Amino acid sequence: MLIMQRKPTSVGEILQTEFLEPLNLKISDLATILDVHRNTASKLVNNNCRITLEMAMKLAKAFGTTPEFWLNLQNSVDLWELSQNTHFQQSLSKVKVANHRAVLP
């Protein structure tokens with residue numbers, strides 16, 4: 001598995017730089033557009049929450065993208081963060097490769 005050396009661009013960064021700023025939208029505008037509470041929009045822009053399937057659908061409709069676009073951004077960040085997590089990497093190193101010999105006695 002190939003993981004990037006630098007942290008991928010987050011949902012919030014893309015949302016801010018590629019959509020909100022060019023359209024001169026504020027967080028309160030985003031909340032209205034997405035039909036969510038202002039705190040939810042703020043958490044999204046500030047990367048204080050993970051994107052959900054529902055939010056990906058709303059963002060896709062609002063900005064003419066696809067849900068996959070937003071989910072792929074989130075997945076890239078999540079995979080990168082796991083690759084940097086020492087505890088998880090230790091656990092992962094103990095996972096064995098499955099094959100028929102490993103399953104059969």
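1 is the number of the first residue of the sequence shown in UniProt numbering; add one for each residue after it. We put the beta carbon where it would ideally sit given N, CA and C, even for glycine. Note that this is a predicted model, so its numbers are computed, not measured.
Figure out for me which residue from the options has the closest Cα to the Cα of residue i.
i   : options            : result
S28 : H87, Q90, L44      : L44
L71 : A56, Q5, K26, N99  : A56
K7  : N85, E21, S76, S42 : S76
E54 : L73, R38, L34      : L34
T52 : L73, R38, N85      : L73
G64 : N24, L15, R101     : L15
Please report how far the alpha carbon of residue i lies from the alpha carbon of residue j, in whole angstroms.
i   : j   : result
V36 : F69 : 20 Å
V11 : N99 : 37 Å
A62 : N47 : 19 Å
L79 : Q90 : 15 Å
T32 : K58 : 12 Å
T40 : F88 : 29 Å
Consult DSSP for residue i and reduce its assignment to one of helix, strand or coil.
i   : result
P67 : helix
D29 : helix
I14 : helix
N46 : coil
K96 : coil
H87 : helix
N39 : helix
G75 : The amino acid at residue 75 is misidentified as Gly; the sequence shows Asn. Of the three classes helix, strand and coil, the one that applies to N75 here is helix, per DSSP.
E21 : coil
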